[in-house]
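Beneath this line is the structure, given in structure tokens, with notes to follow.
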Amino acid sequence: MSADRNQAPARSQWGAGLEPLLERLDAEGEAMAARTEVWSRINSGSHELAGLERMRALLCDAFSALPGALTVEPLAPSERVAADGALIAIEHAPSIRVVVRRDAPIKVALTGHYDTVFPASHPFQAPWREGDVLRGPGTADMKGGLSLMLAALQAFERLPGANRVGYEVLMNPDEEIGSLGSAPLLADLGKRAHVGMTYEPALADGALVDARKGSGNFSLVFRGRSAHAGRAFSDGRNAIMAAAEAALSLHQLNGRREGVTFNVAAIDGGSPVNVVPDLAVLRFNVRAPDAAAAAWAQGEIQRIAEAAGAREGLSAHLHGGLTRPPKPVTARQARIISWTRAAGKALGLDLKFQPSGGVCEGNNLAAAGCPNVDTLGPCGGDIHSDKEFALIPSFAERAKLSFLLLAGFERGVFDIADLRA
Ligand SMILES: [Zn+2]
Numbered sequence: 003m004s005a006d007r008n009q010a011p012a013r014s015q016w017g018a019g020l021e022p023l024l025e026r027l028d029a030e031g032e033a034m035a036a037r038t039e040v041w042s043r044i045n046s047g048s049h050e051l052a053g054l055e056r057m058r059a060l061l062c063d064a065f066s067a068l069p070g071a072l073t074v075e076p077l078a079p080s081e082r083v084a085a086d087g088a089l090i091a092i093e094h095a096p097s098i099r100v101v102v103r104r105d106a107p108i109k110v111a112l113t114g115h116y117d118t119v120f121p122a123s124h125p126f127q128a129p130w131r132e133g134d135v136l137r138g139p140g141t142a143d144m145k146g147g148l149s150l151m152l153a154a155l156q157a158f159e160r161l162p163g164a165n166r167v168g169y170e171v172l173m174n175p176d177e178e179i180g181s182l183g184s185a186p187l188l189a190d191l192g193k194r195a196h197v198g199m200t201y202e203p204a205l206a207d208g209a210l211v212d213a214r215k216g217s218g219n220f221s222l223v224f225r226g227r228s229a230h231a232g233r234a235f236s237d238g239r240n241a242i243m244a245a246a247e248a249a250l251s252l253h254q255l256n257g258r259r260e261g262v263t264f265n266v267a268a269i270d271g272g273s274p275v276n277v278v279p280d281l282a283v284l285r286f287n288v289r290a291p292d293a294a295a296a297a298w299a300q301g302e303i304q305r306i307a308e309a310a311g312a313r314e315g316l317s318a319h320l321h322g323g324l325t326r327p328p329k330p331v332t333a334r335q336a337r338i339i340s341w342t343r344a345a346g347k348a349l350g351l352d353l354k355f356q357p358s359g360g361v362c363e364g365n366n367l368a369a370a371g372c373p374n375v376d377t378l379g380p381c382g383g384d385i386h387s388d389k390e391f392a393l394i395p396s397f398a399e400r401a402k403l404s405f406l407l408l409a410g411f412e413r414g415v416f417d418i419a420d421l422r423a
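Residues 3 to 423 in our numbering are what the sequence shown spells out, letter by letter.
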């Protein structure tokens with residue numbers, strides 16, 4: 003059957019001037035992939051401040067092709083509990099913001115991250131091609147996404163009459179370590195924007211993500227009392243045992259509430275075997291599908307921490323929280339998903355959506371009241387591994403998808419008033 007016959011009437015809803023820009027994006031697919039290769043060669047692991055700076059310079063250069071004002075915005079350090087229980091500051095590279103038509107009636111937030119999970123010491127540092135597959139760090143997650151986002155925005159700027167839609171692009175250096183530094187910027191942007199577009203990769207089969215769980219990382223610091231294991235054993239208060247008991251209590255919460263998971267990941271601390279250990283740091287991750295489940299999980303964690311710290315000679319201090327709130331499919335989320343499917347259909351694509359336990363900046367935007375689609379990047383897979391890849395033909399395809407969404411907001415194919423009602 004002919005896909006063309008189906009897509010022609012749908013595309014006509016977008017009005018005049020669309021086709022040459024779609025053709026142009028088709029022709030630019032190779033350039034989007036080639037730019038991704040260049041960016042992939044630059045190590046920008048979340049803690050690699052020098053590499054992040056080099057990456058930032060290239061992004062500032064590329065995104066200065068857009069008509070708006072580009073600024074580099076410093077982020078406050080975030081806190082982490084060290085293995086010795088002390089709070090240490092984690093420095094973050096700055097974010098990049100591009101504001102185009104600030105006072106336009108329709109405000110779109112486009113977000114992405116320019117960090118990767120790969121430190122400079124990791125062997126996976128350079129991209130290579132295998133036919134239609136581009137492998138390399140960040141090719142899918144998400145330098146490829148940033149590359150196609152820029153192409154879509156440049157095409158949108160050429161759309162006749164493109165001035166009802168204004169947008170802000172926010173590119174962050176800390177997504178892979180939880181967006182703790184950029185969280186205030188994401189929250190602020192999410193409050194101001196009508197709709198969000200985020201560029202995590204789609205799956206290799208083309209599917210996008212709809213519902214996402216919320217996620218939080220916690221550290222529970224136990225301090226007890228050290229004592230000689232032979233001469234004064236009963237004087238000791240064993241912090242490792244307190245951490246182990248709390249770990250069991252947390253683990254036993256699994257299965258108590260639909261979709262909520264508690265992953266006990268590590269216990270730091272301990273002492274020589276002839277000493278009762280006085281320090282332990284218990285680290286765990288929690289995921290929850292909606293706000294009520296997240297509140298329940300938070301309450302259970304608090305209860306376990308308080309019980310653990312209530313014993314004579316032992317203290318327990320809880321750090322962390324559910325810093326990525328859940329992103330369930332609300333009515334407004336369902337609407338933007340249906341728009342994305344409609345834009346896909348106009349391109350001859352039958353886009354599927356599926357839930358994910360993974361989290362991203364889309365969680366932050368949604369929590370700030372900004373409905374969003376967060377997997378508008380290229381199709382790819384094996385992310386966070388040394389087999390990470392993006393599918394080269396998907397660069398043009400997904401740039402056209404973003405372009406059709408933006409053009410749909412501009413031309414009223416998708417009525418933005420439906421989202422904030
Ligand atoms: Zn990512």
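Ideal Cβ positions, reconstructed from N, Cα and C, are used throughout, including at glycine. The structure displayed is predicted, hence computed values, not measured ones.
Nearest neighbour of residue i, chosen from the options [CA to CA]
i	options	result
R166	D190, A370, P79 and H196	H196
R194	S14, L367, A12 and S396	L367
A209	P330, E302, C372 and F355	F355
N256	A369, R289, T200 and Q304	R289
S181	G323, E302 and S396	G323
G311	E177, I108 and M243	M243
G56	V102, D105 and Y116	Looking at the sequence shown, residue 56 is not Gly but Arg. When only C-alpha atoms are compared, the closest one is Y116.
W298	R258, P330 and A318	R258
M410	S396, V361, G146 and T342	Reading the sequence as shown, one finds Gly at residue 410 and not Met. Checked all of S396, V361, G146 and T342; the closest Cα to G410 is T342.
L51	D63, E30 and P79	P79
A282	A85, E81 and A164	A85
E81	V74, I92 and I385	I92
D384	T325, A348 and P139	P139
L1	L191, C362, G163 and C372	Residue numbering for the chain in the displayed model covers 3 to 423; residue 1 lies beyond these limits and cannot be assessed.
L250	S217, F286, S273 and G271	F286
D134	G382, L407, I418 and S387	G382
Sequence-distant residues of its chain with Cβ nearer than 8 Å to residue i (five each side left out)
i	result
L27	A153, A154, A157, A398, A401, K402 and F405
Where residue i falls: helix, strand or coil (DSSP)
i	result
G17	coil
M144	coil
D420	helix
H2	Past the boundaries of the shown model lies residue 2; the chain is included only from 3 to 423, so the question cannot be answered.
E132	strand
N219	strand
D212	strand
S404	helix
L349	coil
T118	strand
Beta bridge counterpart(s) of residue i as assigned by DSSP
i	result
V83	L89
Y169	V102 and V110
D190	Paired residues: none, contrary to the question.
D270	V283
Y201	T377
R326	S217
T263	R289
L72	V100
Cutoff 6 Å; reference residue i; Cβ partners in own chain excluding five residues on either side
i	result
R227	G238, R239, D280 and G315
R37	S149
V100	F65, L68, G70, L72 and V171
W16	A409, R413 and V415
A245	F224, I269, A282 and L284
Beta-carbon spacing of residue i, residue j below 8 Å
i	j	result
V83	L77	no
P327	A295	no
L188	T113	yes
A35	F391	no
A122	N219	no
P186	H94	no
Cut-off 7 Å between Cβ atoms - residues of its own chain near residue i, not counting five sequence neighbours on either side
i	result
A59	none
F235	A229 and V278
D420	R337
S4	Note on S4: pLDDT 42, under 50, position unreliable in the model; the coordinate value appears next. Here the set comprises nothing.
R137	P129, W130, K389, E390 and F391
H253	F264 and V266
G232	N276
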